[in-house]
Each structure stands twice: as C-alpha cells, then as structure tokens.
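K.L.:
First to last, the sequence lines map onto chains A and B. For the first sequence, this note's numbering gives the first residue as 614, with consecutive numbering after it. For the second sequence, this note's numbering gives the first residue as 614, with consecutive numbering after it.
There are 2 protein chains.
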Amino acid sequence: MNVSEAIETRRSIKAYDASHRMSEAEIEKLMTLAMLSPTAWNIQNWRFVLVKDPEQRKKLRAAAWDQAQVTDASLLVVLTADLKAWDKTPSRYWKNAPQPVQDYILPAMHQFYEGREQLQRDEGMRSCGMAAMTLMLAAQEMGYQSGPMDGFDFDAVSRIINLPTDHALVMFVVIGRGIQAAPPRAGSLSLNDVVVLDTFA
Amino acid sequence: MNVSEAIETRRSIKAYDASHRMSEAEIEKLMTLAMLSPTAWNIQNWRFVLVKDPEQRKKLRAAAWDQAQVTDASLLVVLTADLKAWDKTPSRYWKNAPQPVQDYILPAMHQFYEGREQLQRDEGMRSCGMAAMTLMLAAQEMGYQSGPMDGFDFDAVSRIINLPTDHALVMFVVIGRGIQAAPPRAGSLSLNDVVVLDTFA
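1) Helix, strand or coil: which one does DSSP assign to F765(B)?
2) Between E754(B), I792(B), I788(B) and L696(B), which lies nearest to D779(B) when the distance is taken from Cα to Cα?
3) Just to confirm, is the Cβ distance from W659(B) to A744(B) under 8 Å?
4) State yes or no: is the C-beta of T812(B) within less than 8 Å of the C-beta of Q669(A)?
5) Mind checking which residues open and close the beta strand (DSSP E) that includes F661(A)?
6) Whole angstroms is fine: what's the gap from W699(B)'s alpha carbon to Q733(B)'s?
7) Less than 8 Å separating the beta-carbons of L794(A) and S625(A)?
8) If we define contact as Cβ-Cβ less than 8 Å, is F785(A) a contact residue for chain B?
9) Should V714(B) be labelled buried (16 or more other beta-carbon atoms within 10 Å of its own) or exposed?
10) Is there a Cβ from chain B that is less than 8 Å from the Cβ of L688(A)?
11) Kindly give me the distance between the Cβ atoms of G764(B) and A677(B), rounded to whole angstroms, as I take these residues to be in contact under 8 Å.
12) Work out the CA separation of A694(A) and K642(B) for me, nearest whole Å.
13) Which whole-angstrom value is the C-beta distance of M749(B) and R634(B), which I expect to be below 8 Å?
14) Say whether chain B places a C-beta atom closer than 8 Å to the C-beta of R739(A).
15) Give the DSSP bridge partners of F813(B), in chain order.
16) Examine the Cβ distances between the stretch 721-739 of chain B and the stretch 647-666 of chain B and report whether three or more of them are shorter than 8 Å.
17) Between F661(A) and chain B, is any beta-carbon pair separated by less than 8 Å?
18) For E621(B), return the contacting residues in chain A, with the cut-off set at a CB-CB distance below 8 Å.
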C-alpha cells in the first residue's frame with residue numbers, strides 16, 4: 614500500500630475482532646518500524662508498553678471509560694516517554710558518529726534539556742506522536758485498522774502499568790482487525806482554517 | 614512508494630537544493646494529507662505556518678542557530694497548536710455526526726479539556742507530532758526529503774511568526790530536495806531497550 618493511500622484510508626476504528634491474534638513476527642515488524650520514527654537529538658525517548666495479559670487489558674479498559682477496543686484489539690500499545698532519556702548514557706545515541714560530532718553533540722544535548730522540565734515533557738509528546746502515526750500507517754499497510762486514544766484516566770493507567778516517576782504517559786494506539794467501518798468524517802476543517810502564510814496576523 | 618519503504622528510507626536531511634521550488638499543487642497535496650492525521654475529539658488543533666517569504670526565512674534561520682535547511686529547504690512548515698481549539702465553535706468538528714452523538718460528545722469534550730492547561734498543551738504536541746510524521750512520509754513518497762527540527766529559540770521564533778498567546782509552538786518540518794545523504798544511523802536502541810511487556814517492573 615502506498616503512503617498516500619494509507620493516509621487517506623486510515624480512520625480511527627473502535628470495534629475489533631476480539632478473537633484475532635497477531636503473530637509475534639507482525640508485532641516485531643510494527644515495533645521495528647515505529648523505532649525508525651525520528652526523535653530530537655536521536656534520544657529515542659519512547660517506551661512502548663505492549664499489553665498482552667488479558668487481566669491487564671481489563672483493568673485498562675475500566676480506566677478508559679469501558680471502551681471495548683482496549684480489550685478487543687489484537688495489539689494495545691501504551692506509548693510512554695522517558696523524560697530523562699537525554700541523561701541516561703546519552704553516548705549510546707551517538708556511538709556510531711565521528712568523535713568530533715560526539716564531542717559537540719553530547720554537551721549541547723545536555724545543555725538543551727537540563728532543567729527544562731516542560732521541554733522534556735513536550736519532547737516526549739512529540740516523539741510519541743510521530744511514533745504513533747508510524748505505527749498506524751504501518752498497520753494500515755499490513756491490512757489492519759487502528760485507533761489512537763487519550764480518552765482514559767491518566768492517573769489510573771499510570772498506576773496500572775506502574776509508570777516510573779520520570780516517565781510521562783502519552784497515549785494508546787490499538788491495532789487489530791476492525792469489524793465496523795468508521796462513520797463519515799465528522800467535520801473536517803478546510804486548509805484555510807489551519808494553514809497560515811508566513812506569520813499570524 | 615509503499616508505507617514500510619517510506620518509513621525505512623526516511624532520514625532527517627539537513628542539506629537542500631536552495632534553487633528548487635515546490636509547486637502550489639505539491640504543497641496543497643502535502644497539507645491536505647497532513648490534515649488527515651487524527652486528533653483527539655477531532656479538534657484538528659494544528660495550525661501550520663508555511664513560511665515562503667525569504668526575509669522571514671532568514672529571521673527564522675537566525676533563531677535556529679543558523680541551520681541552513683531553514684532557508685534552503687523548498688518548504689518550511691512551522692507546526693503550532695491552538696491550545697483552545699476545543700473551545701472555539703467546537704460544533705464544527707462534529708457537524709456531520711448524528712445529533713445524539715453531538716449531544717454527547719460536545720459537553721464531554723468541554724469537560725475533558727476545561728481548566729486542564731497541561732493536557733491542552735500535551736494535546737497540541739501529540740497532534741502536531743502525528744501530523745509531522747504524516748508530512749514526512751508523504752514527502753518521502755513524493756520524492757522529497759525532510760527533516761523534523763526543534764533546535765531553535767522557541768521565544769524568538771514565536772515572536773517572528775507572531776504566535777498568538779493561546780497557541781503553542783511545537784516544531785519545524787523542512788521538506789525539499791536533499792543534496793547530501795544522511796550519515797549512517799548514529800546509534801539505534803534495540804527493541805529490548807524500548808519495549809516493555811504489560812507493565813514496568
């Protein structure tokens with residue numbers, strides 16, 4: 614499936630075939646593609662929680678206003694971000710770069726993030742947003758449907774997945790065999806509504 | 614180009630052919646595809662600033678540590694988010710939905726976002742992250758290269774584009790004809806580093 618077809622046909626699907634299982638090879642392919650999403654300074658700050666345990670799925674569904682896709686989708690990915698990835702052995706993110714590049718990049722990266730809590734959080738949201746889109750388009754190509762979600766109790770989900778205190782919970786992506794098509798688009802803005810030339814008025 | 618090929622071949626490119634111009638039709642295609650990216654509650658909270666004016670590009674380059682791609686790429690998209698999109702005539706986001714859906718969704722959306730400033734900001738980052746990835750993969754299919762950027766002075770850029778106070782600046786995406794291949798990947802983590810089964814330890 615080509616890229617524009619995947620973008621145009623992807624819709625957020627809520628009803629899935631609960632009996633369908635995805636193979637480990639399919640899951641590995643999806644996650645390997647997700648990991649090719651870019652991150653600032655190559656910090657690869659996403660941490661993907663794959664929830665396979667049915668009991669864990671039930672708890673998360675309860676924390677997500679009982680939305681059926683949380684248990685019924687073949688794959689539930691909880692996207693989280695390590696807010697301190699930039700400070701955890703950052704040399705590993707640049708180990709293949711020439712030494713002068715490493716010598717420049719590593720202190721600059723540290724200076725960019727240190728003490729800037731909001732920036733660290735924003736970075737997690739940006740990185741996971743890009744990875745989520747990659748996952749959904751890759752799933753589309755593999756013949757699956759998907760849905761992004763942030764309609765859940767963030768505190769409850771954080772407890773259920775035992776989220777480390779230096780991580781942020783970002784969103785869910787569910788992937789599986791959709792059993793009900795999406796309704797028509799609910800109300801799309803026009804290019805004029807969202808595109809600005811050069812500067813805001 | 615199929616989706617997985619686009620994901621696998623996309624790299625963040627920094628050097629572009631400054632003489633290349635993108636047609637208006639190509640730009641419209643890219644932005645129309647970007648607008649098919651999902652947003653929570655369909656709030657379509659991205660606002661894309663297309664910077665065409667060469668003087669404006671120069672100012673932004675100065676605010677981005679003089680990185681050449683800011684002036685040399687064919688297209689510079691400054692992704693911003695309207696933090697109050699959920700509260701600006703929200704009925705337009707659901708105008709095609711059945712009335713009972715509208716009657717349920719609109720108050721629920723309001724309750725979800727009202728007074729939750731950090732959530733509103735996170736939503737902007739998530740939405741723009743997904744749209745940025747869509748832009749980059751669509752560009753790849755169109756034979757272009759691209760690069761996401763957040764290495765710039767956010768305050769200076771906000772002033773240059775006259776960012777409204779109820780918007781957040783998220784990131785840049787540059788798109789154009791790359792003239793220098795990316796170096797080998799600098800240091801990729803493994804699946805084991807970033808994938809967690811069911812729950813954090």
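Here a beta-carbon is modelled for each residue, glycine too, at the ideal position from N, C-alpha and C.
P.N.:
By the coordinates alone:
1) Locating residue 765(B) in the second sequence gives position 152, where the first residue counts as 1. In this structure, F765(B) counts as coil in the three-state DSSP scheme.
2) Residue 779(B) sits at position 166 when you count from the first residue of the second sequence. The option with the nearest alpha carbon to D779(B) is L696(B).
3) As a working note, residue 659(B) is residue 46 in the second sequence. As a working note, residue 744(B) is residue 131 in the second sequence. Result yes, Cβ atoms of W659(B) and A744(B) sit closer than 8 Å.
4) Taking the first residue of the second sequence as position 1, residue 812(B) is located at position 199. Taking the first residue of the first sequence as position 1, residue 669(A) is located at position 56. Yes, Cβ-Cβ distance for T812(B) and Q669(A) is below 8 Å.
5) Here residue 661(A) is taken as the residue at index 48 of the first sequence, counted from 1. Residues W659 to L663.
6) Here residue 699(B) corresponds to residue number 86 of the second sequence, with the count starting at 1. Here residue 733(B) corresponds to residue number 120 of the second sequence, with the count starting at 1. Approximately 9 Å between the Cα atoms of the pair.
7) Along the first sequence, one-based indexing puts residue 794(A) at 181. Along the first sequence, one-based indexing puts residue 625(A) at 12. In the sequence as displayed, the identity of residue 794(A) is Ala instead of Leu. Their beta carbons are not under 8 Å apart, which means A794(A) does not touch S625(A) by this criterion.
8) As a working note, residue 785(A) is residue 172 in the first sequence. By this cut-off, F785(A) is not an interface position.
9) As a first step, residue 714(B) must be located in the second sequence, where it is residue number 101. Classification of V714(B): exposed, given that the 10 Å Cβ count is below 16.
10) Taking the first sequence and counting its residues from 1, the one referred to as residue 688(A) is at position 75. No, because no Cβ of chain B sits closer than 8 Å to the Cβ of L688(A).
11) Numbered from its first residue, the second sequence carries residue 764(B) at position 151. Numbered from its first residue, the second sequence carries residue 677(B) at position 64. With a Cβ gap of about 7 Å, G764(B) and A677(B) count as contacting.
12) Within the second sequence, numbered from 1, the residue matching residue 642(B) stands at position 29. Within the first sequence, numbered from 1, the residue matching residue 694(A) stands at position 81. Answer to the nearest angstrom: the Cα atoms are 32 Å apart.
13) Within the second sequence, numbered from 1, the residue matching residue 749(B) stands at position 136. Within the second sequence, numbered from 1, the residue matching residue 634(B) stands at position 21. The pair is not a contact, with the Cβ atoms about 20 Å apart (cut-off 8 Å).
14) Counting from 1 along the first sequence, the entry for residue 739(A) is found at position 126. So, interface residue.
15) In the second sequence, counting from the first residue as 1, residue 813(B) sits at position 200. Answer by DSSP bridge pairing: none, since F813(B) is not bridged.
16) yes
17) One-based indexing of the first sequence puts residue 661(A) at position 48. Yes - at least one Cβ of chain B is within 8 Å of the one on F661(A).
18) Here residue 621(B) is taken as the residue at index 8 of the second sequence, counted from 1. Within chain A, the residues near E621(B) are L646 and L649.
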